[in-house]
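Engineer: Protein chains in written order, with this note's numbering: chain A, 598 to 911; chain B, 4 to 265.
Ideal Cβ positions, reconstructed from N, Cα and C, are used throughout, including at glycine.
On a predicted model such as this, the values are computed, not experimentally measured, just so you know.
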Amino acid sequence: MTELQIRNARFKNPVLTASGTFGYGLECPDLFDVSQLGGVVTKSISRKPRDGNPPQRIAETSSGGMLNSIGLANVGVDVFLDQKLPALLQRKATVIVNIAASSVEEYCYVLERCEEHEGIAGYEINVSCPNVKDGGLSFGTNCPAVANITRELRGRTDRFLSMKLTPNVASIGEFARACEAEGADAVSCVNTFIGMDIDVGTRRPKIATITGGYSGPAILPMALAKVYEVRKAVKIPIIGIGGIMTAEDAIKFLVVGASLVQLGTVLFVDPMAATTIPKGIEEYMQRNGFRHLTDLIGSLDVTMQPSLVAAGWS
Amino acid sequence: MYQQHVPITRSQQVAQNVHILEFQSEAIAAEAIPGQFLNIRPSRFYDPFLRRAYSIHRVMGDRLEIIYNVVGKGSALFAEAKVGETLDILGPLGTPFHLEGEFRRAVLVSGGVGIAPMPFLGDWLLKQGKQVANIYGARTAAMIADDGRLHNARYATDDGSLDFHGNVVGLLQQFLAEEGADGLRVFACGPNKMLMALGDFCQLRGIPLEVSLECQMACGIGICQGCPVEMATGDRKYTLVCTHGPNYDYNHIRLESIPAVH
């Protein structure tokens, strides 16, 4: 009832874990079975290991959210393929490898290394990390650059390919259209919003890089609006991401038009959400007579109120 | 590791701005080892949003205690929590104190609420046949939280209102003058400035020092990578306090890389 196939990737349910919020999917084996997830999107993998940013890397905000500036800390593609991937596959996870890079060549290199390995369901390309100078946002806010990366990677893989977009642009729809035109199978919307917080006692920023990525329930309405904008711009599937804390939150993204969703910051607060949210979606579908996920996806009703039509809104 | 909703069985102020919460979890109590911590959700709503990490203070049968200062929104909510209410707890987490290796005697040095992991550690070491002494420092006597269950304790207060007038390093020096340093290992928890002073002191005398760190975390289980501390040894730059820590050989880390907690 909730399974879905996009290109050659099969998802058991529409709920995946977002990159950078679930490690390599191996960190909490006691809590739940990763094979029951729709998929695990890995921590961003780069060509070489990255140490990440200095502390302080995270800060809670008073608005139901958090700032992070992890800085793409990761083990590098060699260790990932040698150690992390086999362990994830042994646990029967659906693995989407997230790739971050500082050049088109590096994106291609990491993807080609992954292509040598069986079992990977697909890729998500991080062109939107706000926390490192060379981590993709310079690409992610440049539409021709995103188009170029998509084209280069599409030419190198038949696997599922999703481009993860930043919300920190004037028109995210334009970027999604460029990805669609160059053959991406999906777009992941959205990465974190750029945010900032300070301590008024010391008048210092709360995280070391001054600004960072803002996430958590506070961003859900903004993320949902971005997904709505992208839905109107492209036909390819959308992976909805941003502030999902409950099954109801996830359903909102599906109704607006996302085919899959990702859980991020919620996993820091309530790791069990990765099992309760898929169940909650299924229960909602049963209660409301949806026989398959595809009936729910994009079922948004925007029938105009007569008063708005009369006032010239359409 | 469990995520459980557990009932609160005791909530009590035990010293000036120092509180204890006790709750019941057979599974977590059975699995816990000294030095491990719990990551506790302060609210089912979204403000305060992140879990708070607390060392396991004591384990008694199926009961566990945490001890904390009220410093912000999260700890204020814990102080208001009533017996019978439930807490959403993730744990036990982290790498325990390293208790292997040669030592006959342990001195547990605490600064303020750094007393958190010490009673559980002391009880455990006594069962292993080690000699245990506590050195516990605070600004003033009213901030000392000891209901008499702390084994072989000496106190240091900044204002001299209880026992030794001075800090824990001075009191440790006095202890060593009386008892010697033979077969000794020091375990310490407290403000980073205290740990660094203690680190200098122990390094100079060749006394092994294990420190239990406090730092802001989000997940507590290694998936967010939000709690790095620089390593002084090895080929990696950072270690994650939540999973590789919070307990480290003092010589393995660079404490100065952690920004001061506000």
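What runs of the beta strand (DSSP E), each 3 residues or longer, lie entirely inside the region 610-690 of chain A?
Structural biologist: Whole beta strand (DSSP E) segments, 3+ residues: 612-614, 636-638, 655-658 and 662-665.
Engineer: Which first and last residues belong to the alpha helix (DSSP H) in which residue 195 of chain B is found?
Structural biologist: Taking the first residue of the second sequence as position 1, residue 195 of chain B is located at position 192. Segment 195-208, the alpha helix (DSSP H) holding residue 195 of chain B.
Engineer: Quick one: does residue 205 of chain B have its CB under 8 angstroms from some CB of chain A?
Structural biologist: Stepping through the second sequence from its first residue, residue 205 of chain B is reached at position 202. Cβ-Cβ to chain A under 8 angstroms: no for residue 205 of chain B.
Engineer: Hey, is residue 633 of chain A's beta-carbon within less than 8 angstroms of any beta-carbon in chain B?
Structural biologist: Against the first sequence, residue 633 of chain A aligns to sequence position 36. No, residue 633 of chain A does not count as interfacial toward chain B.
Engineer: May I ask which residues mark the beginning and end of the alpha helix (DSSP H) holding residue 869 of chain A?
Structural biologist: In the first sequence, counting from the first residue as 1, residue 869 of chain A sits at position 272. Careful: residue 869 of chain A lies outside any alpha helix (DSSP H) and carries neither H nor E.
Engineer: Per DSSP, which one or two residues make a beta bridge with residue 793 of chain A?
Structural biologist: Stepping through the first sequence from its first residue, residue 793 of chain A is reached at position 196. DSSP output for residue 793 of chain A lists A/808 as bridge partner(s).
Engineer: I believe residue 31 of chain B touches residue 94 of chain B by the beta-carbon criterion, under 8 angstroms. Please report the beta-carbon distance rounded to the nearest angstrom.
Structural biologist: Counting from one through the second sequence, the residue named residue 31 of chain B turns up at place 28. Counting from one through the second sequence, the residue named residue 94 of chain B turns up at place 91. That pair is a contact at about 5 angstroms.
Engineer: Against residue 232 of chain B, what residues of chain A qualify as contacts under a CB-to-CB distance less than 9 angstroms, listed in chain order?
Structural biologist: On the second sequence, residue 232 of chain B is found 229 positions in, with the first residue counted as 1. 652, listed in chain order.
Engineer: How would you call residue 708 of chain A, buried or exposed, if buried means at least 16 neighbouring beta carbons within 10 angstroms?
Structural biologist: Sequence index remark: in the first sequence, residue 708 of chain A carries index 111 (1-based). Buried, since its Cβ has 16 or more Cβ neighbours within 10 Å.
Engineer: Considering only their Cβ atoms, is the gap separating residue 857 of chain A from residue 634 of chain A smaller than 8 angstroms?
Structural biologist: Indexing the first sequence from 1 puts residue 634 of chain A at position 37. Indexing the first sequence from 1 puts residue 857 of chain A at position 260. Cβ distance not < 8 angstroms, so residue 634 of chain A and residue 857 of chain A don't count as in contact.
Engineer: Are the C-beta of residue 199 of chain B and some C-beta of chain A separated by less than 8 angstroms?
Structural biologist: For the purposes of this step, residue 199 of chain B is taken as the residue at position 196 of the second sequence. Closer than 8 angstroms: no.
Engineer: Taking 8 angstroms as the threshold (beta carbon to beta carbon), is residue 50 of chain B in contact with chain A?
Structural biologist: Working through the second sequence from its first residue, we reach residue 50 of chain B at position 47. Yes, residue 50 of chain B lies at the interface with chain A (some Cβ there is under 8 angstroms from its Cβ).
Engineer: Among A/797, A/878, A/790 and A/898, which residue has its Cα nearest to the Cα of residue 664 of chain A?
Structural biologist: As a first step, residue 664 of chain A must be located in the first sequence, where it is residue number 67. That would be A/790, whose Cα lies nearest to the Cα of residue 664 of chain A.
Engineer: Of all Cβ atoms in chain C, is any one closer than 8 angstroms to the Cβ of residue 260 of chain B?
Structural biologist: Protein chains in the displayed structure are A and B, and chain C is not among them.
Engineer: Just the C-alpha distance for residue 884 of chain A and residue 611 of chain A, rounded to the nearest angstrom, thanks.
Structural biologist: Stepping through the first sequence from its first residue, residue 884 of chain A is reached at position 287. Stepping through the first sequence from its first residue, residue 611 of chain A is reached at position 14. Going by the C-alpha atoms only, they are around 18 angstroms apart.
Engineer: Look at the alpha carbon of residue 83 of chain B and the alpha carbon of residue 669 of chain A, and state the distance between them as a whole number of angstroms.
Structural biologist: By one-based count along the second sequence, residue 83 of chain B stands at place 80. By one-based count along the first sequence, residue 669 of chain A stands at place 72. Going from the Cα of residue 83 of chain B to the Cα of residue 669 of chain A covers about 39 angstroms.
Engineer: Can a CB atom of chain A be found closer than 8 angstroms to the CB of residue 248 of chain B?
Structural biologist: The residue you call residue 248 of chain B lines up with position 245 of the second sequence. Output row for residue 248 of chain B: interface = no.
Engineer: When the cut-off is 8 angstroms and only beta carbons count, does residue 764 of chain A lie next to chain B?
Structural biologist: Looking up residue 764 of chain A in the first sequence gives position 167. No, residue 764 of chain A lies away from the interface with chain B (no Cβ there is under 8 angstroms from its Cβ).
Engineer: Using a Cβ cut-off of 9 angstroms, pull out every chain A residue sitting near residue 133 of chain B, in sequence order please.
Structural biologist: Walking along the second sequence from the start, residue 133 of chain B turns up at place 130. The premise fails here: residue 133 of chain B is roughly 30 angstroms from chain A at the closest Cβ pair, so nothing lies under 9 angstroms.
Engineer: Counting only Cβ pairs nearer than 7 angstroms, list the residues of chain A close to residue 33 of chain B.
Structural biologist: The sequence position of residue 33 of chain B within the second sequence is 30, counting from 1. Those within 7 angstroms of residue 33 of chain B in chain A number zero; the least Cβ separation is about 14 angstroms.
Engineer: Output yes if chain A places a C-beta closer than 8 angstroms to the C-beta of residue 225 of chain B; else output no.
Structural biologist: Position 222 of the second sequence, counting from 1, holds the residue named residue 225 of chain B. Cβ-Cβ to chain A under 8 angstroms: yes for residue 225 of chain B.
Engineer: Are the beta-carbon atoms of residue 850 of chain A and residue 837 of chain A separated by less than 8 angstroms?
Structural biologist: For this step, residue 850 of chain A is matched to residue 253 along the first sequence. For this step, residue 837 of chain A is matched to residue 240 along the first sequence. In contact: residue 850 of chain A and residue 837 of chain A (Cβ atoms closer than 8 angstroms).
Engineer: So what's residue 236 of chain B in DSSP terms, helix, strand or just coil?
Structural biologist: Position 233 of the second sequence holds residue 236 of chain B. Looking at residue 236 of chain B - three-state DSSP - the assignment turns out to be coil, as it is neither helix nor strand.
Engineer: Using only CA atoms, which one of B/201, B/243, B/245 and B/225 lies nearest to residue 254 of chain B?
Structural biologist: As a working mapping, residue 254 of chain B is identified with position 251 in the second sequence. Comparing Cα positions, the closest option is B/201.
Engineer: Which residues in the same chain as residue 716 of chain A place their Cβ atom closer than 8 angstroms to its Cβ, once the five residues preceding and following it in sequence are excluded?
Structural biologist: For the purposes of this step, residue 716 of chain A is identified with residue 119 of the first sequence, where counting begins at 1. Cβ within range, chain order: 682, 686 and 692.
Engineer: Count the other CB atoms, across all protein chains shown, that sit within 10 Å of the CB of residue 214 of chain B; report buried if there are 16 or more and exposed otherwise.
Structural biologist: As a first step, residue 214 of chain B is located in the second sequence; it is residue number 211 there, counting from the start. So residue 214 of chain B ends up on the buried side.
Engineer: Is it buried or exposed for residue 197 of chain B, if we count other Cβ within 10 angstroms and need 16 for buried?
Structural biologist: Here residue 197 of chain B refers to the residue found at position 194 when the second sequence is read from its first residue. Classification for residue 197 of chain B: buried.
Engineer: Kindly list, in the order they appear in chain A, the residues whose Cβ is closer than 7 angstroms to that of residue 235 of chain B.
Structural biologist: To locate residue 235 of chain B, count along the second sequence from 1; it is residue 232. By Cβ distance, chain A contributes nothing, its closest Cβ being about 14 angstroms from residue 235 of chain B, past 7 angstroms.
Engineer: Where does the unbroken alpha helix (DSSP H) through residue 739 of chain A begin, and where does it stop?
Structural biologist: Residue numbering aside, residue 739 of chain A sits at position 142 when the first sequence is read from its first letter. No alpha helix (DSSP H) holds residue 739 of chain A; DSSP gives it neither H nor E.
Engineer: So, is residue 671 of chain A buried or exposed, given that buried needs 16 or more other C-beta atoms within 10 angstroms?
Structural biologist: Residue mapping note: residue 671 of chain A aligns to position 74 of the first sequence, counting from 1. Classification of residue 671 of chain A: buried, given that the 10 Å Cβ count is 16 or more.
Engineer: Assign residue 265 of chain B to one of three DSSP states: helix, strand, or coil.
Structural biologist: Translated into the one-based positions of the second sequence, residue 265 of chain B becomes position 262. With a pLDDT of only 41 at residue 265 of chain B, under the threshold of 50, the placement of this residue in the model should not be trusted; the figure read from the coordinates follows. Coil, per DSSP.
Engineer: Considering just the uninterrupted stretch of the alpha helix (DSSP H) at residue 111 of chain B, what are its terminal residues?
Structural biologist: Indexing the second sequence from 1 puts residue 111 of chain B at position 108. Per DSSP, residue 111 of chain B belongs to no alpha helix (DSSP H); it is in the beta strand (DSSP E), 108-114.
Engineer: When DSSP labels each residue in this structure, what does residue 64 of chain B get in the three-state scheme?
Structural biologist: Translated into the one-based positions of the second sequence, residue 64 of chain B becomes position 61. The answer is coil: DSSP assigns residue 64 of chain B none of H, G, I, E or B.
Engineer: Is the Cβ of residue 869 of chain A closer than 8 angstroms to any Cβ of chain B?
Structural biologist: Here residue 869 of chain A refers to the residue found at position 272 of the first sequence. Answer yes: the Cβ-Cβ gap between residue 869 of chain A and chain B drops below 8 angstroms somewhere.
Engineer: Should the region 898-911 of chain A be called in touch with the region 651-666 of chain A, which here means at least 3 C-beta pairs below 8 angstroms?
Structural biologist: No: fewer than three Cβ pairs fall under 8 angstroms.
Engineer: Should residue 708 of chain A be flagged as near chain B, meaning a C-beta pair shorter than 8 angstroms?
Structural biologist: For this step, residue 708 of chain A is matched to residue 111 along the first sequence. It does not; no Cβ of chain B falls within 8 angstroms.
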